[in-house]
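Inspection log for the structure reproduced underneath, given as structure tokens.
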Amino acid sequence: MKLNKQLRKSVKRQVVIAKRAAKRSFRFVVFKNKYSRLIRKYAKMEANKAIKHGFKGVQNQIAIRPRIRLFSKLTLILIILLFLTNIGAGYLKAKEADIKVNGEAILVAKNNEAKNPDEILLQASIAAKRSPFNFRMPVVGGVISQGFSGYHRADDIAAAYGSPIYPLGGGKVIYVGFMPDGHGNTVIIDHGDGLQSLYAHMSRMDVGRGDVISETTKIGNVGLTGHTTGPHVHIEVFDNGVMINPSSVLPDN
Ligand SMILES: [Zn+2]
């Protein structure tokens, strides 16, 4: 009987404690909500005030400064123009296939920009291989003694001193002279189609600037002028100004 009473008392106390805890937490939630709402409201008010203040400041500046007024007007006009041209360009882009001149559709070439010099070199050598010229070896019986590399953008073709040199193909002579940078006696020929070839270290030059020559025209002789350790002809090939591997346009031995 006594035990029962004690048990009931303890249960009652537990209930009271739990109720109190619940009440406290409820009060805390209410308090928190009230507080955060107040903060939010205040922050909103402050932000609005700041924006209004800033806007008013700008308006004041525009009002008292005619140059700023003019500039802001111009900027607005520019923005509108830009927006309109953008819309126009977008409209034309969509209609690109439908635009016709004299009944013919216009083909717009895509701009393929190469990213690095190696890529340009690769593209150039591919383009050169597709060239309509059938290039020949410039020296009969010559041997490539040094090929194309990063620091030697040319082919060296070793041959006996005085061997006749022929151009890779027909074209127009655009340079004849002594290049003091180590090339020595040099001839440059323009083959058209963006291709040019250069011949260096010659002992003798048989053509003049402006001459139109064929691939059977002897342009000079193998020599030792400029920086060279042995008789050879140093050949450089340019495809639209880019030095390409001469082997890519020379016939395979
Ligand atoms: Zn060389």
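With my numbering applied, the sequence shown covers -13 to 239. Ideal Cβ positions, reconstructed from N, Cα and C, are used throughout, including at glycine.
Nearest to residue i by alpha carbon, out of the options?
{"i": "Met191", "options": "Ile151, Gly157, Gly227, Asp167", "result": "Ile151"}
{"i": "His169", "options": "Glu222, Val126, Ser200", "result": "Glu222"}
{"i": "Ala247", "options": "His177, Thr215, Gly76", "result": "Absent from the structure is residue 247, since the part of the chain shown begins at -13 and ends at 239."}
{"i": "Phe164", "options": "Glu32, Gly194, Arg(-6), Val1", "result": "Gly194"}
{"i": "Pro124", "options": "Ile63, Lys204, Leu64", "result": "Lys204"}
{"i": "Ser189", "options": "Val198, Gly196, His218", "result": "His218"}
{"i": "His213", "options": "Tyr185, Asp167, Ile230, Tyr137", "result": "Asp167"}
{"i": "Asp141", "options": "Arg23, Phe57, Ile230", "result": "Ile230"}
Helix, strand or coil, according to DSSP, for residue i in the structure here?
{"i": "Gly196", "result": "coil"}
{"i": "Asn72", "result": "helix"}
{"i": "Gly282", "result": "Lying outside -13 to 239, the shown extent of the chain, residue 282 is not represented and no answer is given."}
{"i": "Ser234", "result": "helix"}
{"i": "Ile32", "result": "According to the sequence provided, residue 32 is Glu. The question's Ile does not apply to it. Glu32 falls in the helix class under three-state DSSP."}
{"i": "Pro124", "result": "coil"}
{"i": "Thr172", "result": "strand"}
{"i": "Leu181", "result": "strand"}
{"i": "His138", "result": "coil"}
{"i": "Pro52", "result": "helix"}
{"i": "Ala144", "result": "strand"}
{"i": "Tyr21", "result": "helix"}
{"i": "Tyr161", "result": "strand"}
{"i": "Ser240", "result": "Given that the chain is displayed from residue -13 to residue 239, the structure contains no residue 240 and the question cannot be resolved."}
{"i": "Ser189", "result": "strand"}
{"i": "Ser131", "result": "strand"}
{"i": "His220", "result": "strand"}
{"i": "Pro118", "result": "Any reading at Pro118 must be qualified, since the residue scores a pLDDT of 47, below 50, and its modelled position is unreliable; no value is offered."}
Between which residues of its own chain and residue i is the CB-CB distance below 6 angstroms, once the five residues before and five after are set aside?
{"i": "Thr211", "result": "Gly170, Asn171, His187"}
{"i": "Leu67", "result": "none"}
{"i": "Val198", "result": "Lys158"}
Residue j and residue i - do their beta-carbons sit closer together than 8 angstroms?
{"i": "Pro237", "j": "Phe121", "result": "yes"}
{"i": "Val173", "j": "Gly206", "result": "yes"}
{"i": "Gly148", "j": "His177", "result": "no"}
{"i": "Gly155", "j": "Glu201", "result": "yes"}
{"i": "Val129", "j": "Ile143", "result": "yes"}
{"i": "Gly76", "j": "Ser233", "result": "no"}
{"i": "Pro153", "j": "Ser183", "result": "yes"}
For residue i, count neighbouring C-beta atoms within 10 Å of its own C-beta (all shown protein chains included) and say buried if the count is 16 or more, exposed if not.
{"i": "Val159", "result": "buried"}
{"i": "Ser135", "result": "exposed"}
{"i": "Gly43", "result": "exposed"}
{"i": "His314", "result": "Because residue 314 is not part of the residues shown, which for the chain are -13 to 239, the question remains open."}
{"i": "Gly74", "result": "exposed"}
{"i": "Val208", "result": "buried"}
{"i": "Ile3", "result": "exposed"}
Excluding five sequence neighbours on each side, which residues of the same chain lie with their C-beta closer than 7 angstroms to the C-beta of residue i?
{"i": "Ser58", "result": "Ile48"}
{"i": "Arg55", "result": "Ile48"}
Identify, in the order they occur along the chain, each residue of the same chain with its Cβ nearer than 8 angstroms to the Cβ of residue i, setting aside the five sequence neighbours on each side.
{"i": "Lys96", "result": "Confidence at Lys96 is low in this model, with a pLDDT of 47, below 50, so its placement is unreliable and the value that follows should be read with caution. Answer for Lys96: no residue qualifies."}
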